[in-house]
Structures are given as C-alpha cells and as structure tokens.
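Chains as they are written, first to last, in the numbering used here: chain S, 3 to 117; chain A, 7 to 136.
Idealized CB from N, CA, C, for every residue including glycine.
As the structure is a prediction and not an experimental result, all values here were calculated from the model.
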Amino acid sequence: MVNRILVGAHYGLKDWIIQRATAIIMAVYTVIFLVVIGSVGPDSLESWRGVFAGGFMRFATFLFFISLFYHAWIGLRDIWMDYIKPDGLRLLLMIATATVLVGYAGWAIRILWRT
Amino acid sequence: MAEMAIKKKRPKNLDLPTIRLPLPGILSIIHRISGAALFLLLPFLLWLFESSLTSAETFASFREVVDHGLVKLILLGLIWFYMHHFCAGIRYLLLDVHIGADLKSAVLSSKVVFGVSIALTLIVGVQVLW
Chain S
3 MVNRILVGAH
13 YGLKDWIIQR
23 ATAIIMAVYT
33 VIFLVVIGSV
43 GPDSLESWRG
53 VFAGGFMRFA
63 TFLFFISLFY
73 HAWIGLRDIW
83 MDYIKPDGLR
93 LLLMIATATV
103 LVGYAGWAIR
113 ILWRT
Chain A
7 MAEMAIKKKR
17 PKNLDLPTIR
27 LPLPGILSII
37 HRISGAALFL
47 LLPFLLWLFE
57 SSLTSAETFA
67 SFREVVDHGL
77 VKLILLGLIW
87 FYMHHFCAGI
97 RYLLLDVHIG
107 ADLKSAVLSS
117 KVVFGVSIAL
127 TLIVGVQVLW
C-alpha cells in the first residue's frame, strides 16, 4: 500500500515561484508605464503609438503581457481547484482557461508588432 | 498520520452572527475577486488596446467607447481592481519574506493597502479618464 500524503513540500512550488516572479515583472512594468505615460502625456494616436514604438517599451510590454497570462493561468487554476470539485468539469475549465490565454498571447503579440 | 491530525479535537464557533471576516480576510477575497474580474474582462481590454493603436478609424471608435459614461465607470472600477490587486500583491510578497506577519501589522498593512489603492485609483483614474 502506498502511504503518500499529497500536500507535502514541493507540490506546486514551481507555480508558486512563477506566480511571484510574474507579479514582480508586472509590478515593475506598471511603475515604468505610469512614469512614461505621465511624462509623455499621450493625447493623440501618434503620441500613443510612439509610446510602444521604441524597442524597450515594446519588449517590456510584451514581457508584461506574457507575465500577465501566465500569472492569470496560475490564479484561475487555483480558483478552479478551490471551488470546482467534479474532476471532469474542473479539467474542462482548466483546458478552456489555458486555451483562451494562449490565444490572448497571440493576439497581444499581433497588436504590439503590427503597429 | 494525517487522519490522526484531522480527528484532533478543536474549538468550534458556529454562532454565525458573531462570525465576521477580519480586514485581512476582506482584502484577501477582494484580491481573488479582482483577479477573476480582470481575467474575465481581458478580451474587452485587449480589444480596447488594439483599437487604440491600429488606425485613425479604430482610434476614433476607441475614443467614442471610452468617452461613454458607463464605460468610464467600468474602467474606473477595473483600475481600482488593478490597484488593489497590485497593492495587496506587494503585501503578500512582503508576507512571503516574513515582513509584517504578526496580527497587529497585518491589520495595519491591510488598511494601508485599501488607502493606497483607492488613492492611486483616484489619481490615475482622473488623469486617464477625465
């Protein structure tokens, strides 16, 4: 008989770390974004586009989006695991969540590199 | 081993009218609700972001949508959700490294999170939306 307790150390540690790493990336980006917006004060299409035209802001925004979607995946997964008990439904919701988030990532990349 | 721990006698309080969620608990559930709401509105926000950058026509329709009073109110709510999630998240990161983990500072830091996130919402919201 296998006597294993499935709540010990290291279960989910990787996700726990990624949740925090992505949070820090997004927090830093938020400050940078607010400072840039505050100093540029974009009020037209041209100036707003200009914010994301530079290599740094475009890459930083890309990094923000990828962090956001991964962070959202871990958060949503936690919510499904907390409230949805039937395995089939939980799995379905997890797959749906992961699918839309991958789609959003593609969408975000298209927005950032088309302009 | 695990069963023994579960069977251990613990004090119970099921007198419902006397049970209330303490401030750090309210902060915690709003952290979860705000995260879920921001996720649900991601397609709307991405669509707004896309139309704000694509062309003069889409930029004009973006302006029109954002100028609507109801949309402004929703966006202000989302900015509050973002700021709350941001501030409460920083509080959790500090708790992770054992800063402010005792009861007194946990209640105090919850008050700070509510105060700062509402102040940031008003500052950023008014700058961006009006």
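Proximity to A/Lys-78 [Cα-Cα], best of A/Pro-23, A/Ala-125 and A/Leu-54: A/Leu-54
Answer with buried or exposed for A/Leu-33, where buried requires no fewer than 16 other C-beta atoms within 10 angstroms of its C-beta. buried
Step through the CB atoms of chain A and report whether any lies within less than 7 Å of the CB of S/Ile-68. no
Less than 7 Å separating the beta-carbons of S/Ser-69 and S/Ile-27? yes
Does any residue of chain A have a CB that is nearer than 7 Å to the CB of S/Tyr-13? no
Can you have a look at A/Met-89 and say buried or exposed, based on whether 16 or more other CB atoms are within 10 angstroms of its CB? buried
Quick check: the segment 122-136 of chain A against the segment 45-52 of chain A, are there 3 or more CB pairs under 8 Å? no
Taking Cβ positions, are A/Arg-1 and A/Val-122 nearer each other than 7 Å? Absent from the model: residue 1 of chain A. The displayed extent of chain A is 7 to 136, so no value can be given.
Where A/Glu-56 meets chain S, residues with beta-carbon distance less than 7 Å: Ile-113
Within 7 Å of chain A by C-beta, residues of the segment 70-87 of chain S in sequence order: Ala-74, Gly-77, Leu-78 and Ile-81
Considering Cα atoms alone, identify which of A/Ile-39, A/Asp-108 and A/Leu-82 is closest to A/Ile-129. A/Leu-82
With distances taken between CB atoms, is the gap from S/Leu-47 to A/Phe-65 smaller than 7 Å? yes
Could you give the distance in angstroms between the alpha-carbon of S/Tyr-31 and the alpha-carbon of S/Ala-62? 7 Å
From the beta carbon of S/Trp-18, is the nearest beta carbon of chain A less than 7 Å away? no
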